[in-house]
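Participant: Residue numbers (the numbering used here): 235 to 561. Even glycine gets a Cβ: it sits at the ideal position worked out from N, Cα and C. Please read these numbers as outputs of a predicted model, since none were measured by experiment.
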């Protein structure tokens, strides 16, 4: 019998009502399967629904419709029946570590809090566990008496990751954990995530803007556009041969360390702004900005179909032996 995926998202929808009486379709019918032990990246423009999807997976945002299944168990039912058990399985790392921590608690209290809530042994056992967590994220015990505001951005993010690991979860969902960090610190945190994933066998889902980082560390990737999946697949083949015109445009903006490639690479500039998620276009949601759109694109919603890189793309032109080429 095959092992159940770490995360399954089934026709998930998250809509937000507005004062004008309309509805913002932040996530609008997403199906996603994330295998155990994978390092999964979710990418796309600001406002495409990445963070809403991540927050809904862990139950911080209630779904409008659809289902999230964690390790074969319905997430909503699991949280209702035994929220503590769910919290020991799945943890969330926030974009702003300072905003996610109490400014009145020192780092020892911050790391001890989840252990106290879940009845983790004696005071001595908690001290030992906190030291283990510091070792995992490469922090000195000298930070324990300090307040979050006295730490650097990189140190705060390490504390945030350590707190998320306190209960030995098997799934870590991270919302833009690198965006507030300097470039040099960002590389250290990326290396930390990679090390933790291998050492602890974690399933990591990371929402990110930095496609170069996603290319280097993620085993597979989902590209989102306006609340839906535009393309998904194994990272390296997808980045090498993107099948969706939107993915092609996104990846054309990724700078290269090779000066020859950087001076000759072609950037695809998309016209206009993304449409409003409260009034998305009919058919393919990308067709209003797509350089290769044709009549069918505005009339019929494309299904996710097999793409040349072995994954799937929601494009009428993307098939196993053909892909749209943006000139």
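Residue 453 and residue 440: beta carbons closer than 8 Å?
Facilitator: Numbered from 1 along the chain shown, position 219 holds the residue referred to as residue 453. Numbered from 1 along the chain shown, position 206 holds the residue referred to as residue 440. For residue 453 and residue 440, no; Cβs fall outside 8 Å.
Participant: So who's on the other strand from residue 257, going by DSSP bridges?
Facilitator: Taking the chain shown and counting its residues from 1, the one referred to as residue 257 is at position 23. In the DSSP output, where bridge partners are listed per residue, residue 257 has 251.
Participant: Looking only at its own chain, which residues have a Cβ that is under 7 Å from the Cβ of residue 442, when we skip the five neighbours before and after it?
Facilitator: Residue mapping note: residue 442 aligns to position 208 of the chain shown, counting from 1. Here the set comprises 275, 277, 410, 412, 448.
Participant: State the DSSP-derived secondary structure class of residue 387, mapped to helix, strand or coil.
Facilitator: Here residue 387 refers to the residue found at position 153 of the chain shown. Looking at residue 387 - three-state DSSP - the assignment turns out to be helix.
Participant: Pick out whichever of 518, 444, 510 has its Cα sitting closest to the Cα of residue 486.
Facilitator: Position 252 of the chain shown, counted from the start, is the residue given in the question as residue 486. Considering only alpha carbons, the answer is 444.
Participant: Suppose you measure from the CA of residue 507 to the CA of residue 514; what does that come to, to the nearest Å?
Facilitator: Counted from its first residue, the chain shown places residue 507 at position 273. Counted from its first residue, the chain shown places residue 514 at position 280. Each residue's Cα considered, the two are about 12 Å apart.
Participant: My guess is that residue 476 and residue 466 are in contact by the Cβ rule of under 8 Å, so how many angstroms apart are they, rounded?
Facilitator: The count along the chain shown starts at 1 and reaches residue 476 at position 242. The count along the chain shown starts at 1 and reaches residue 466 at position 232. Going by Cβ atoms, the distance from residue 476 to residue 466 rounds to 11 Å, so no, they are not a contact pair.
Participant: Mark residue 494 as exposed unless 16 or more other C-beta atoms lie within 10 angstroms of its C-beta, in which case mark it buried.
Facilitator: Numbered from its first residue, the chain shown carries residue 494 at position 260. It is exposed - the Cβ of residue 494 has fewer than 16 other Cβ atoms within 10 Å.
Participant: Could you tell me the distance, in whole angstroms, from the CA atom of residue 554 to the CA atom of residue 363?
Facilitator: Residue mapping note: residue 554 aligns to position 320 of the chain shown, counting from 1. Residue mapping note: residue 363 aligns to position 129 of the chain shown, counting from 1. Residue placement at residue 554 is flagged as unreliable, the pLDDT there being 48, under the threshold of 50; the coordinate-derived value follows with that caveat. Approximately 50 Å, taken between the alpha carbons.
Participant: So what does DSSP say about residue 231, is it helix, strand or coil?
Facilitator: Nothing about residue 231 can be read from this structure; the chain reaches only from 235 to 561.
Participant: Taking all protein chains shown into account, decide if residue 489 is buried (16 or more other Cβ within 10 angstroms of its Cβ) or exposed.
Facilitator: Within the chain shown, numbered from 1, the residue matching residue 489 stands at position 255. Flag for residue 489 reads exposed.
Participant: Does DSSP classify residue 497 as helix, strand or coil?
Facilitator: Taking the first residue of the chain shown as 1, we reach residue 497 at position 263. Note: residue 497 maps to helix in three-state DSSP.
Participant: Rounding to the nearest angstrom, what Cα-Cα distance links residue 316 and residue 351 in this structure?
Facilitator: Working through the chain shown from its first residue, we reach residue 316 at position 82. Working through the chain shown from its first residue, we reach residue 351 at position 117. Spanning the two alpha carbons is a distance of roughly 14 Å.
Participant: Can you check the segment 404–485 for any beta strand (DSSP E) of at least 3 residues that lies completely inside it and give the ranges in chain order?
Facilitator: Counting whole runs of 3 or more residues, the segment 404–485 contains the beta strand (DSSP E) stretches 405–409, 437–441, 454–459, 462–468.
Participant: Does the beta-carbon distance from residue 549 to residue 479 come in below 8 Å?
Facilitator: Position 315 of the chain shown, counted from the start, is the residue given in the question as residue 549. Position 245 of the chain shown, counted from the start, is the residue given in the question as residue 479. Going by C-beta atoms, residue 549 is nearer than 8 Å to residue 479.
Participant: According to the Cβ coordinates, are residue 268 and residue 437 closer than 8 Å?
Facilitator: By one-based count along the chain shown, residue 268 stands at place 34. By one-based count along the chain shown, residue 437 stands at place 203. Closer than 8 Å, so yes.
Participant: Alpha carbon to alpha carbon, what distance is there between residue 255 and residue 178?
Facilitator: The shown model of the chain, from 235 to 561, leaves out residue 178, and the question about it has no answer.
Participant: Compare the beta carbon distance of residue 305 and residue 240 with 8 Å and say whether it is the shorter of the two.
Facilitator: One-based indexing of the chain shown puts residue 305 at position 71. One-based indexing of the chain shown puts residue 240 at position 6. Going by C-beta atoms, residue 305 is nearer than 8 Å to residue 240.
Participant: Return helix, strand or coil for residue 541, following the three-state DSSP convention.
Facilitator: Along the chain shown, read from residue 1 onward, the residue named residue 541 stands at position 307. Residue state, collapsed to three classes: coil.
Participant: With DSSP as the reference, label residue 491 as helix, strand or coil.
Facilitator: Here the question's residue 491 lines up with position 257 in the chain shown. DSSP places residue 491 in coil when its eight states are reduced to three.
Participant: Helix, strand or coil: which one does DSSP assign to residue 397?
Facilitator: Reading the chain shown from its first residue, position 163 is the one you call residue 397. Three-state DSSP puts residue 397 in a helix.
Participant: Closest to residue 337 by C-alpha separation, out of 385, 366, 360, would be which residue?
Facilitator: Reading the chain shown from its first residue, position 103 is the one you call residue 337. Looking at the Cα atoms, 385 is the closest of the given residues.
Participant: What is the residue span of the beta strand (DSSP E) that residue 275 lies within?
Facilitator: Position 41 of the chain shown holds residue 275. Residue 275 -> beta strand (DSSP E) spans 273–277.
Participant: From residue 390 to residue 331, what distance separates their C-alpha atoms?
Facilitator: Your numbering for residue 390 matches position 156 in the chain shown. Your numbering for residue 331 matches position 97 in the chain shown. Near 6 Å, if we compare the C-alpha coordinates of residue 331 and residue 390.
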